[in-house]
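Sequential numbering from 1 applies to the sequence shown in the UniProt record's numbering.
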Amino acid sequence: MQILTKTGCFLIGWNFNILKECGEASFRTFKRLMSAIVIMMVIWGTIGFCFADNYIGVSSTTGKIAIALIFMILVLCIERFIILTIGRLGWMGLFRTILAIVMAMLGSTVFDQIIFRNDIAVKMTDIREIKIQQAIKNRMETYDADIKHFTNLRDSLGVANIVIYEKLAKQPVIATRDVTTKDVVIGKNEDGTPQMAKTTSVTSRSVENPLSAQAKANEEQIKRYQTQLETLQTKKFNTDKEVRNEFRQKKPGFLEELTALWALLKADNIALIFYIILFVFLMSLELLVVTSRGGDTKCDYELIVEHQLNIKKEMLSKSEEKLLNKN
């Protein structure tokens, strides 16, 4: 029994040596606070475990338990702020009440998303279908814009090639001239130095019209555009299947399920009433410690702590006066 009491004192921050000198009222207060702490730690440990399992993506049981312990320690630290406050709670009590409302909302939301999982799954199907249709529409618009762009490029090259082929039909070859210039000896000077002169020769020949090469290059580019268009048409045809597969592979997130839960609560009054009941229940549990510490009646443990504080204050005050008098 003493081990349990020491463990409880360690959890709530009480001094075991002071508690064992106190009367039954202090032990009752101690048990009441311990009950409230245990309830909160169990609830938030469960919330932490479920949160890790469903939304954080922790697969191992050890990891889920670790997350649950973190939640439990956080709640314990929060409750200690109230338990270890000396005197009236004041603003601390108001702050804890606001925090209790927030924590109750978070807790009830997580619990409801687990309790209403099947109903949320049905609602999420409707919500996802809307998102799927929007995603399909956006992707179709993108594909249509790309198809229109490459079609215009292909058609413009096709029109250009028609003009080129008409010109080639009229003039498949063109005449070209090769001009050659060379130096020749035309005589010698008086000193015997050869006299040079430039002669130019022109040779005419027929070559393929350069437009033929341009037409071939255009044909190759048209084939590439056609390949891109066929790829885009295939993707457009498979858009519905691809988008649905992408959404099917996505694991529902916390906010997505929260949106579905909110839609469910707005559409179903029974679900809304249950959520309110669960919210009030959790908020009441959150305020157990606050209500336990908020009364005017104090146990002898609290009186002893306050008495020790007053004695320390008085001793410090007298020490300060002695130092001032010496100076």
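We put the beta carbon where it would ideally sit given N, CA and C, even for glycine.
Can you name, in chain order, every residue of its own chain whose Cβ lies under 8 Å from the Cβ of residue i, other than the five neighbours on each side?
i      : result
Phe150 : Tyr225, Gln228, Leu229 and Leu232
Ile147 : Leu229, Leu232, Gln233 and Lys236
Ala131 : In the sequence as presented, Ala is not what sits at residue 131; that position holds Lys. Closer than 8 Å at Cβ, skipping near neighbours: Phe247.
Arg80  : Ile12 and Gly13
Ile56  : Ile67
Arg128 : Phe247
Asp144 : Lys236
Quick one: grab the DSSP three-state call for residue i.
i      : result
Lys312 : helix
Glu21  : coil
Lys250 : coil
Val58  : coil
Ser291 : Note that residue 291 corresponds to Thr in the displayed sequence, not to Ser. DSSP places Thr291 in helix when its eight states are reduced to three.
Lys182 : strand
Thr7   : helix
Thr200 : strand
Using the Cβ count rule (16 or more neighbours within 10 Å means buried), how would you classify residue i?
i      : result
Glu306 : exposed
Val289 : buried
Glu166 : exposed
Arg96  : buried
Ala100 : buried
Glu320 : exposed
Glu141 : exposed
Glu314 : exposed
Leu33  : buried
Leu316 : exposed
Ile82  : buried
Asn310 : exposed
Glu220 : exposed
Asp286 : Before going further, note that residue 286 is Glu rather than Asp in the sequence given. With 16 or more Cβ atoms within 10 Å of its Cβ, Glu286 is classed as buried.
Asn161 : buried
Mind checking whether residue i and residue j have CB atoms under 7 Å apart?
i      : j      : result
Leu264 : Lys123 : yes
Gln168 : Ser212 : For the sequence presented, residue 168 should be read as Leu rather than Gln. Yes, the pair counts as a contact, with Cβ atoms nearer than the cut-off.
Thr239 : Ile136 : yes
Cys299 : Ala25  : yes
Gly13  : Leu84  : yes
Tyr301 : Leu19  : yes
Ile47  : Val110 : yes
Asn209 : Gln249 : no
Ile120 : Glu256 : no
Arg164 : Ala217 : One detail in the question is off: residue 164 reads as Ile in this sequence, not Arg. No, Cβ-Cβ distance for Ile164 and Ala217 is not below 7 Å.
Cys50  : Ile3   : no
Thr181 : Lys198 : yes
Ala52  : Ile67  : yes
Sorted by chain position, which residues of the same chain lie with C-beta nearer than 7 Å to residue i's C-beta, five sequence neighbours on each side aside?
i      : result
Asp112 : Leu261, Tyr275 and Leu278
Val75  : Met40, Met41 and Trp44
Phe116 : Leu261, Leu264 and Ala271
Ser108 : Tyr275, Leu278, Phe279 and Leu282
Phe16  : Thr5, Lys6 and Cys9
Pro252 : Met124
Phe71  : Trp44, Gly45, Ile47 and Gly48
Phe30  : Gly8, Trp14 and Leu19
Arg244 : Ile132
Gly158 : Ile222
Met105 : Phe279
Arg139 : Thr239 and Val243
Thr259 : Ile127
Within 6 Å: the Cβ of residue i and any heavy atom of the ligand MG?
i      : result
Glu219 : Inclusion of the ligand MG in the displayed structure is not the case, the ligand content being empty and no account of it being possible.
Establish whether the CB of residue i and some CB of chain D are separated by less than 7 Å.
i      : result
Lys216 : Looking at the structure shown, chain D is missing, and only one protein chain is on hand.
I'd like the list of long-range same chain contacts for residue i, defined as Cβ closer than 6 Å, with 5 residues on each side in sequence excluded.
i           : result
residue 351 : Past the boundaries of the shown model lies residue 351; the chain is included only from 1 to 327, so the question cannot be answered.
Ile304      : Ile18
Glu242      : none
Cys22       : Asp300 and Tyr301
Ser156      : none
Exercise for review: At 4 residues or longer, and completely inside the stretch 211 to 291: list those alpha helix (DSSP H) runs for me, N to C.
Suggested key: Restricting attention to alpha helix (DSSP H) runs no shorter than 4 residues, the stretch 211 to 291 encloses them at 211 to 237, 239 to 249, 254 to 267 and 269 to 286, ordered along the chain.
Review point. Considering only residues of the stretch 87 to 121, which uninterrupted alpha helix (DSSP H) runs meet the minimum length of 4 residues and lie entirely inside it, listed in chain order?
Key: 91 to 115
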